[in-house]
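Here the numbering used here is used: position 112 in the sequence shown is 1404, and no number is missing along the way. Even for Gly, the Cβ is constructed at its ideal location relative to N, Cα and C. Below is one structure, written out as C-alpha cells, with a few remarks after it.
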Amino acid sequence: MCEDGGGGLIAYKSYDGERLAFYRAHFSSAETARNCFLFKLQNAARIVEREPLYNKTGEKIAGERIVALYNEPPESIVRQSAGIISLDEDRIFEIASTSLRHARIYDKKTRQY
C-alpha cells in the first residue's frame, strides 16, 4: 500500500494454488487516499473496469473502483497479476491475486458497497 496508510493484510491460497491478498488502509485524509489510489492506477498495465462508488444511500459518489491487470517483473513466477482496488473516501480496499477470476469471486463475496 502507500506510506501514509495504516491498515491490514490477509493472505489466502486457493485450493487450486492461486494466491490472493486483501489489503485495507485508512488514510489521514480523502486527498491522501486518492493520491495513493491514483499512484496504483499509474502502475497498471491495463484497466479492465472502472466505476464510481456511491455512499450507502446511493446519492453521493464516495470514490471509485477499478479492476486492473499488472505486469510482473521478469524474475517473478507469474507474468501478470490482477487487482481490484476501491477508493472509499479516506480508505482503500485492494484485492490482489495471481488470477483475475479468483479476485472477482472474492470481491463478489465480500463487497459491501
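Given a threshold of 16 other Cβ atoms within 10 Å of its Cβ, counted over all protein chains shown, does residue 1303 qualify as buried or as exposed? What you label residue 1303 is simply residue 11 of the sequence shown in a count that begins at 1. Exposed is the call here.
For residue 1322, the first and last residue of its enclosing beta strand (DSSP E): Within the sequence shown, residue 1322 is the residue found at index 30, counting from 1. Bounds of any beta strand (DSSP E) do not take in residue 1322; it lies within the alpha helix (DSSP H) bounded by 1322–1334.
Is residue 1389 near the ligand PLP, going by C-beta to nearest heavy atom under 7 angstroms? Looking for the ligand PLP in the displayed structure turns up nothing, as the structure carries no ligands at all.
Please identify the residue among 1333, 1387 and 1379 whose C-alpha is closest to the C-alpha of residue 1323. In the sequence shown, counting from the first residue as 1, residue 1323 sits at position 31. Among 1333, 1387 and 1379, the Cα nearest to that of residue 1323 belongs to 1379.
Would residue 1358 pass as a contact of residue 1341 if the rule is Cβ separation under 8 angstroms? Here residue 1358 is taken as the residue at index 66 of the sequence shown, counted from 1. Here residue 1341 is taken as the residue at index 49 of the sequence shown, counted from 1. The criterion of a C-beta distance shorter than 8 angstroms is satisfied by residue 1358 and residue 1341.
Tell me whether the beta-carbon of residue 1389 lies closer than 8 angstroms to the beta-carbon of residue 1310. Taking the first residue of the sequence shown as position 1, residue 1389 is located at position 97. Taking the first residue of the sequence shown as position 1, residue 1310 is located at position 18. Closer than 8 angstroms, so yes.
With a threshold of 7 angstroms on Cβ separation, who are the neighbours of residue 1318 within its own chain once the five nearest residues in sequence on each side are excluded? As a first step, residue 1318 must be located in the sequence shown, where it is residue number 26. The beta carbon of residue 1318 sits closer than 7 angstroms to those of 1297, 1298, 1299, 1382 and 1383, all from its chain and outside the five residues before and after it, given in chain order.
Under a Cβ-count criterion, where at least 16 other Cβ atoms within 10 Å of its own Cβ denotes burial, should residue 1375 be classed as buried or exposed? By one-based count along the sequence shown, residue 1375 stands at place 83. By the Cβ-count criterion, residue 1375 is buried, with 16 or more other Cβ atoms from all chains shown falling within 10 Å of its own Cβ.
In this structure, what does DSSP give as the bridge partners for residue 1363? The count along the sequence shown starts at 1 and reaches residue 1363 at position 71. In the DSSP output, where bridge partners are listed per residue, residue 1363 has 1372.
Nearest to residue 1313 by CA position, among 1386, 1360, 1336 and 1401, is which residue? Start at 1 with the first residue of the sequence shown, and residue 1313 comes out as number 21. The shortest C-alpha separation from residue 1313 is found at 1386.
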